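Here's the structure we're looking at; comments come further down.
Numbering (UniProt numbering), first residue to last: 1 to 378.
Written out as structure tokens, the structure reads:
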């Protein structure tokens, strides 16, 4: 019998048909779960908070909430990220992101993001365990984004994604690439909102506040030819961030950011239901009682201390925490990292510290590089 890698089945694709036990344990099955992963080092170090962000980071809208894109008259930026995945278990899985954005007239922003999830080499064997061949599953998406900025601090966003998944086909290992793999495609869209307001509670301290909300991965189901269509990992996120700022002399500014975000899955527990995207969201909110629905909420906390020198450079230290209820996935980890920037260029690094130890996420790190510029700055 030809078999997939255990890791590939258990962690990467989550394609097993849901059973009564799955429903009892509140673990919905979804396709292409890489849509919920993050490779950006700055976000990772900040507790994976990405629904809200400091306005200092103009490229924040390239990721979860497109409404966070920089508001400017000619602002341009690019970002590239790399994150090895499950490196404690395998050495050839990784997530890579590339994105760019442009803003004009202080009203409009557009962006493009590409994500590549490489699941490494999957070894197929025969009934007696003898190797047959290696196949290389991959999943990608392309995302186009438009954001409209109002004059009162409100930004609204819509994004569309084209998703492509290529996984090994367990029925043919001797044909063409299309015969050896199951290649599926899907479309999804995101909605995002961001509201910013500046408060001054303490003398000499300005405190920008950011409220954000997103509805991500609303779209068509994915058919892996396993006899059932799988839902996309649709979810709702709400977040708030406060960032007190204080001038230090004529050249320095100290920034202290604290953020909190909650994520709620909007995927029904029963994948056999013949529902469209909107019906699936409605069903996910009433397929268990309220107390159980609350257990489905993921909590994220991020903190950052950043010191800026004029418009020339900065140094930032970050800390965060990700918490998921033990009945849902029991994923808990501490995040740390730092960032350095000089004349528009910046580099960020992050690392995860799961609890308990010896977790598959242990030794997970990420690195990102970026550049931003105001094309019409005098």
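No residue lacks a Cβ here, since even glycine has one placed at the ideal position from N, Cα and C.
It should be emphasised that the depicted structure is a prediction, and the values quoted were computed from it without experimental measurement.
Spatial distance of residue i from residue j (CA atoms)
{"i": "residue 17", "j": "residue 29", "result": "In this prediction, residue 17 has a pLDDT of 35, which is less than 50 and means its spatial position is unreliable; nothing more can be read from the coordinates."}
{"i": "residue 349", "j": "residue 65", "result": "21 angstroms"}
{"i": "residue 192", "j": "residue 157", "result": "5 angstroms"}
{"i": "residue 200", "j": "residue 77", "result": "30 angstroms"}
{"i": "residue 300", "j": "residue 71", "result": "26 angstroms"}
{"i": "residue 371", "j": "residue 297", "result": "34 angstroms"}
{"i": "residue 210", "j": "residue 106", "result": "18 angstroms"}
{"i": "residue 219", "j": "residue 138", "result": "20 angstroms"}
{"i": "residue 116", "j": "residue 40", "result": "13 angstroms"}
{"i": "residue 97", "j": "residue 164", "result": "15 angstroms"}
{"i": "residue 99", "j": "residue 291", "result": "39 angstroms"}
{"i": "residue 314", "j": "residue 289", "result": "48 angstroms"}
{"i": "residue 132", "j": "residue 113", "result": "36 angstroms"}
{"i": "residue 375", "j": "residue 56", "result": "17 angstroms"}
{"i": "residue 213", "j": "residue 153", "result": "14 angstroms"}
{"i": "residue 420", "j": "residue 104", "result": "In the structure displayed, the chain extends from 1 to 378; residue 420 sits before or after that span and is not available."}
{"i": "residue 360", "j": "residue 90", "result": "10 angstroms"}
{"i": "residue 198", "j": "residue 53", "result": "14 angstroms"}
{"i": "residue 302", "j": "residue 260", "result": "7 angstroms"}
{"i": "residue 244", "j": "residue 221", "result": "43 angstroms"}
{"i": "residue 43", "j": "residue 62", "result": "11 angstroms"}
{"i": "residue 168", "j": "residue 181", "result": "4 angstroms"}
{"i": "residue 128", "j": "residue 334", "result": "43 angstroms"}
Neighbourhood of residue i by C-beta, 6 angstroms cutoff - its chain only, sequence neighbours within 5 removed
{"i": "residue 155", "result": "67, 147, 149 and 194"}
{"i": "residue 183", "result": "166"}
{"i": "residue 130", "result": "none"}
{"i": "residue 345", "result": "371"}
{"i": "residue 332", "result": "323 and 355"}
{"i": "residue 341", "result": "313 and 314"}
{"i": "residue 318", "result": "45, 46, 304 and 337"}
{"i": "residue 11", "result": "Low per-residue confidence applies at residue 11: pLDDT is 42, beneath 50, and the placement is therefore not dependable enough to give any value."}
{"i": "residue 215", "result": "191 and 236"}
Endpoints, the alpha helix (DSSP H) within which residue i is located
{"i": "residue 398", "result": "Limits of the chain in this structure are 1 at one end and 378 at the other, which puts residue 398 out of reach."}
{"i": "residue 43", "result": "41 to 45"}
{"i": "residue 282", "result": "277 to 284"}
Pair within 8 angstroms by beta-carbon distance, residue i and residue j
{"i": "residue 60", "j": "residue 368", "result": "no"}
{"i": "residue 277", "j": "residue 258", "result": "no"}
{"i": "residue 325", "j": "residue 295", "result": "yes"}
{"i": "residue 336", "j": "residue 45", "result": "yes"}
{"i": "residue 233", "j": "residue 364", "result": "no"}
{"i": "residue 366", "j": "residue 88", "result": "no"}
{"i": "residue 160", "j": "residue 124", "result": "no"}
{"i": "residue 256", "j": "residue 51", "result": "no"}
{"i": "residue 118", "j": "residue 94", "result": "yes"}
{"i": "residue 231", "j": "residue 262", "result": "no"}
{"i": "residue 205", "j": "residue 246", "result": "yes"}
Spatially closest choice to residue i from the options, by CA coordinates
{"i": "residue 353", "options": "372, 323, 343 and 373", "result": "323"}
{"i": "residue 339", "options": "363, 305, 311 and 100", "result": "305"}
{"i": "residue 108", "options": "264, 75 and 373", "result": "75"}
{"i": "residue 311", "options": "38, 317, 181 and 252", "result": "252"}
{"i": "residue 282", "options": "313, 260, 303 and 235", "result": "235"}
{"i": "residue 321", "options": "247, 33 and 49", "result": "49"}
{"i": "residue 69", "options": "118, 144 and 309", "result": "144"}
{"i": "residue 229", "options": "206, 280 and 204", "result": "280"}
{"i": "residue 265", "options": "104, 217, 42 and 162", "result": "217"}
{"i": "residue 151", "options": "187, 181, 196 and 140", "result": "196"}
{"i": "residue 357", "options": "373, 343, 347 and 330", "result": "330"}
Span of the beta strand (DSSP E), counted from its first residue to its last, around residue i
{"i": "residue 346", "result": "345 to 354"}
{"i": "residue 80", "result": "74 to 84"}
{"i": "residue 202", "result": "181 to 202"}
{"i": "residue 261", "result": "252 to 265"}
{"i": "residue 133", "result": "131 to 135"}
{"i": "residue 247", "result": "245 to 248"}
{"i": "residue 145", "result": "138 to 149"}
{"i": "residue 117", "result": "108 to 118"}
{"i": "residue 100", "result": "94 to 104"}
{"i": "residue 357", "result": "Careful: residue 357 lies outside any beta strand (DSSP E) and carries neither H nor E."}
{"i": "residue 366", "result": "365 to 374"}
{"i": "residue 235", "result": "235 to 242"}
{"i": "residue 332", "result": "332 to 342"}
{"i": "residue 322", "result": "313 to 323"}
{"i": "residue 161", "result": "154 to 168"}
{"i": "residue 124", "result": "122 to 125"}
{"i": "residue 31", "result": "It is not in any beta strand (DSSP E) - residue 31 carries neither H nor E in the DSSP assignment."}
{"i": "residue 268", "result": "Residue 268 -> no beta strand (DSSP E), and no H or E assigned at all."}
Same chain only: Cβ atoms within 8 angstroms of residue i, ignoring 5 sequence neighbours per side
{"i": "residue 20", "result": "Unreliable positioning characterises residue 20 in this predicted model, as indicated by a pLDDT of 36, which lies under 50. A coordinate reading is not provided."}
{"i": "residue 121", "result": "92, 134, 135 and 136"}
{"i": "residue 85", "result": "37, 93, 94, 95, 117 and 364"}
{"i": "residue 343", "result": "312 and 313"}
Any non-hydrogen atom of the ligand FMN closer than 7 angstroms to residue i Cβ
{"i": "residue 201", "result": "As for the ligand FMN, it is missing from this structure, which has no ligand bound."}
Contacts around residue i, its chain only, beta-carbon distance under 7 angstroms, and the 5 residues preceding and following it disregarded
{"i": "residue 272", "result": "228"}
{"i": "residue 223", "result": "184 and 229"}
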